[in-house]
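Numbering (this note's numbering), first residue to last: 100 to 218. Ideal Cβ placement from N, Cα and C applies to all residues, glycine included. I have placed the structure first, in the form of structure tokens, so that the comments after it can refer back to it.
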């Protein structure tokens, strides 16, 4: 048996619970961190901070709710609920705009190592 049940308590939650947006910026909540992988919930305000990200790890993001416009390495991309993007390590990106109603709710996976894609 190699699943998480052998390593500790089973945890449960709801990604949409307690998802009120902050007054400004974003709220980051780590849901799971294990073996070089981090699963994170992000709630965005309607006024995202103008932060340029250039992370040393790969990141996969999925917009669960709302609409958002991102700048990724020179390209402007609009996302709606259900859209996802793989952002390889050291790819500059930023959040340009996020919806206020409903607020943007994201699921992000960060990991170290080579970027791989199935399909």
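Checking the DSSP bridge columns, you'll see residue 164 partnered with 204. In this structure, the CA atom of residue 188 is about 28 Å from the CA atom of residue 115.
Taking a 10 Å sphere around the C-beta of residue 178, we find 16 or more other C-beta atoms and assign the residue as buried. Taking 3 residues as the minimum length, the beta strand (DSSP E) runs contained wholly in the region 103-156 are 125-133 and 136-143, in order along the chain. For residue 189, the three-state secondary structure derived from DSSP is coil. Three or more beta-carbon pairs drawn from the region 195-215 and the region 129-149 are found closer than 8 Å, and the two stretches are therefore classed as touching. Rounded to the nearest whole angstrom, the CA to CA distance from residue 135 to residue 121 is 28 Å. Note that the C-beta distance between residue 163 and residue 130 is not below 8 Å. Taking C-beta atoms under 8 Å as the contact rule, residue 193 and residue 170 qualify, at a distance of about 5 Å.
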